[in-house]
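The opening position of the sequence shown corresponds to residue 0 in numbering that gives the first Met the number 0, with each subsequent residue numbered one higher.
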Amino acid sequence: MLQLKQLFIQFQREVDFHDNVIRFYGVTTSSKDDQRKEYMLVMEYADNGTLRKYLQENFRNLTWNDKFNLAFQLVSAVSCLHDEGIMHRDLHSNNVLIHQNIVKLADFGLREEPIPNISKDYIKIYTDCWNIEPDNRPTINQY
(Lines of atoms letter the chains of each structure in order from A; the text may use other names.)
(Lines give C-alpha, C1' and ligand atoms only; values in the text may rest on other atoms or scores of the structure.)
Protein backbone atom coordinates (compact mmCIF):
# COMPACT_ATOMS: atom_id res chain seq x y z
CA MET A 0 0.00 0.00 0.00
CA LEU A 1 2.92 2.35 0.68
CA GLN A 2 4.12 1.97 -2.90
CA LEU A 3 0.62 2.81 -4.19
CA LYS A 4 0.55 5.97 -2.07
CA GLN A 5 3.95 7.00 -3.45
CA LEU A 6 2.65 6.51 -7.01
CA PHE A 7 -0.34 8.75 -6.32
CA ILE A 8 1.89 11.42 -4.80
CA GLN A 9 4.12 11.32 -7.89
CA PHE A 10 1.06 11.57 -10.15
CA GLN A 11 -0.25 14.51 -8.13
CA ARG A 12 3.02 16.38 -8.55
CA GLU A 13 2.87 15.74 -12.30
CA VAL A 14 -0.49 17.47 -12.85
CA ASP A 15 -0.87 19.76 -9.82
CA PHE A 16 1.01 22.77 -11.14
CA HIS A 17 -1.48 25.20 -12.68
CA ASP A 18 -4.61 26.97 -11.42
CA ASN A 19 -6.57 25.83 -14.50
CA VAL A 20 -5.70 22.14 -14.10
CA ILE A 21 -7.99 20.16 -11.78
CA ARG A 22 -6.34 19.34 -8.46
CA PHE A 23 -5.82 15.73 -7.44
CA TYR A 24 -6.01 15.32 -3.66
CA GLY A 25 -5.57 11.59 -3.24
CA VAL A 26 -7.28 8.24 -3.13
CA THR A 27 -9.81 6.85 -0.71
CA THR A 28 -11.42 3.46 -0.34
CA SER A 29 -14.75 2.13 0.76
CA SER A 30 -15.74 -1.44 1.47
CA LYS A 31 -18.95 -2.83 0.05
CA ASP A 32 -18.34 -6.01 2.02
CA ASP A 33 -15.41 -7.87 3.57
CA GLN A 34 -14.24 -9.11 0.15
CA ARG A 35 -14.39 -5.96 -2.00
CA LYS A 36 -12.86 -2.52 -1.73
CA GLU A 37 -13.61 0.32 -4.11
CA TYR A 38 -10.91 2.90 -4.79
CA MET A 39 -11.98 6.44 -5.58
CA LEU A 40 -9.93 9.40 -6.71
CA VAL A 41 -10.49 12.58 -4.73
CA MET A 42 -10.36 15.58 -7.02
CA GLU A 43 -11.06 19.29 -6.71
CA TYR A 44 -14.78 20.15 -6.71
CA ALA A 45 -16.16 22.13 -9.64
CA ASP A 46 -19.44 23.81 -8.68
CA ASN A 47 -20.62 24.61 -12.23
CA GLY A 48 -20.02 21.21 -13.82
CA THR A 49 -18.69 20.82 -17.33
CA LEU A 50 -17.94 23.62 -19.78
CA ARG A 51 -20.59 22.17 -22.09
CA LYS A 52 -23.29 22.40 -19.40
CA TYR A 53 -22.07 25.81 -18.26
CA LEU A 54 -22.25 27.26 -21.78
CA GLN A 55 -25.65 25.70 -22.48
CA GLU A 56 -27.04 27.38 -19.37
CA ASN A 57 -25.16 30.70 -19.45
CA PHE A 58 -24.00 31.48 -23.01
CA ARG A 59 -26.46 34.30 -23.68
CA ASN A 60 -25.71 35.97 -20.35
CA LEU A 61 -21.93 35.91 -20.79
CA THR A 62 -20.24 39.01 -22.14
CA TRP A 63 -17.60 38.86 -24.85
CA ASN A 64 -14.98 39.41 -22.14
CA ASP A 65 -16.38 36.49 -20.09
CA LYS A 66 -16.14 34.20 -23.12
CA PHE A 67 -12.65 35.43 -23.95
CA ASN A 68 -11.56 34.85 -20.35
CA LEU A 69 -12.83 31.24 -20.40
CA ALA A 70 -11.00 30.59 -23.69
CA PHE A 71 -7.83 32.26 -22.39
CA GLN A 72 -7.85 30.11 -19.23
CA LEU A 73 -8.27 26.94 -21.29
CA VAL A 74 -5.44 27.90 -23.64
CA SER A 75 -3.27 28.74 -20.65
CA ALA A 76 -3.88 25.28 -19.10
CA VAL A 77 -3.18 23.46 -22.37
CA SER A 78 -0.06 25.55 -22.99
CA CYS A 79 1.21 24.72 -19.50
CA LEU A 80 0.64 21.00 -20.14
CA HIS A 81 2.54 21.22 -23.42
CA ASP A 82 5.39 23.05 -21.69
CA GLU A 83 5.61 20.04 -19.33
CA GLY A 84 5.64 17.60 -22.28
CA ILE A 85 2.05 16.44 -21.67
CA MET A 86 -0.53 16.17 -24.45
CA HIS A 87 -4.12 15.78 -23.22
CA ARG A 88 -5.46 13.93 -26.32
CA ASP A 89 -9.13 14.03 -25.25
CA LEU A 90 -9.83 17.73 -25.01
CA HIS A 91 -13.52 18.57 -25.34
CA SER A 92 -16.12 20.53 -23.41
CA ASN A 93 -17.07 17.60 -21.16
CA ASN A 94 -13.45 17.30 -19.96
CA VAL A 95 -13.28 20.95 -18.97
CA LEU A 96 -14.89 21.83 -15.66
CA ILE A 97 -15.93 25.23 -14.30
CA HIS A 98 -15.54 26.27 -10.66
CA GLN A 99 -16.60 29.81 -9.72
CA ASN A 100 -16.03 30.96 -13.32
CA ILE A 101 -12.56 29.41 -13.37
CA VAL A 102 -11.70 26.81 -16.03
CA LYS A 103 -10.38 23.49 -14.67
CA LEU A 104 -8.93 21.09 -17.24
CA ALA A 105 -9.68 17.48 -16.23
CA ASP A 106 -9.62 13.85 -17.35
CA PHE A 107 -6.06 12.92 -18.23
CA GLY A 108 -6.94 9.30 -19.01
CA LEU A 109 -5.78 9.55 -22.63
CA ARG A 110 -2.71 11.71 -22.15
CA GLU A 111 0.11 10.83 -24.52
CA GLU A 112 2.87 9.47 -22.30
CA PRO A 113 2.35 7.53 -19.09
CA ILE A 114 4.10 8.97 -16.08
CA PRO A 115 7.45 7.20 -15.62
CA ASN A 116 7.41 4.38 -13.06
CA ILE A 117 3.59 4.31 -12.84
CA SER A 118 2.16 0.85 -13.35
CA LYS A 119 -0.05 0.22 -16.37
CA ASP A 120 -2.68 -1.18 -13.99
CA TYR A 121 -2.94 2.17 -12.23
CA ILE A 122 -3.20 4.04 -15.54
CA LYS A 123 -5.95 1.66 -16.71
CA ILE A 124 -7.90 2.10 -13.47
CA TYR A 125 -7.54 5.89 -13.68
CA THR A 126 -8.65 5.92 -17.32
CA ASP A 127 -11.61 3.62 -16.67
CA CYS A 128 -12.73 5.68 -13.68
CA TRP A 129 -13.22 8.82 -15.75
CA ASN A 130 -14.63 7.25 -18.91
CA ILE A 131 -17.76 5.72 -17.37
CA GLU A 132 -20.58 6.82 -15.09
CA PRO A 133 -19.67 6.99 -11.37
CA ASP A 134 -22.10 4.21 -10.37
CA ASN A 135 -20.53 1.87 -12.94
CA ARG A 136 -16.87 2.62 -12.23
CA PRO A 137 -14.67 -0.45 -11.70
CA THR A 138 -13.40 -1.67 -8.38
CA ILE A 139 -9.79 -2.71 -7.86
CA ASN A 140 -10.95 -6.35 -7.69
CA GLN A 141 -12.11 -6.25 -11.30
CA TYR A 142 -8.50 -6.12 -12.46
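Ideal Cβ positions, reconstructed from N, Cα and C, are used throughout, including at glycine.
- In the displayed model, His91 falls within coil according to three-state DSSP, outside both helix and strand.
- Taking Ala70 as the centre and dropping the five residues before and after it, the same chain places no C-beta closer than 8 Å to its C-beta.
- In the structure shown, Tyr38 falls within a strand segment according to DSSP collapsed to helix, strand and coil.
- The DSSP-derived three-state label of Tyr44 is coil.
- For Lys103, the pairing in a beta bridge is given by DSSP as Leu96.
- The beta carbon of Gln72 sits closer than 6 Å to the beta carbons of Asn19 and Val102 from its chain, once the five residues preceding and following it are set aside; these are given in chain order.
- Taking Asp46 as the centre and dropping the five residues before and after it, the same chain places the C-beta of His98 closer than 6 Å to its C-beta, in chain order.
- DSSP places Val20 outside any beta strand (DSSP E), giving it a letter other than H or E.
- Ranked by Cα distance from Leu40, the first of Val26, Ser92 and Val95 is Val26.
- The beta carbons of Arg51 and Ser92 sit closer together than 8 Å.
- Inter-residue distance for Phe58 and Asp32 is about 45 Å (C-alpha atoms, whole angstroms).
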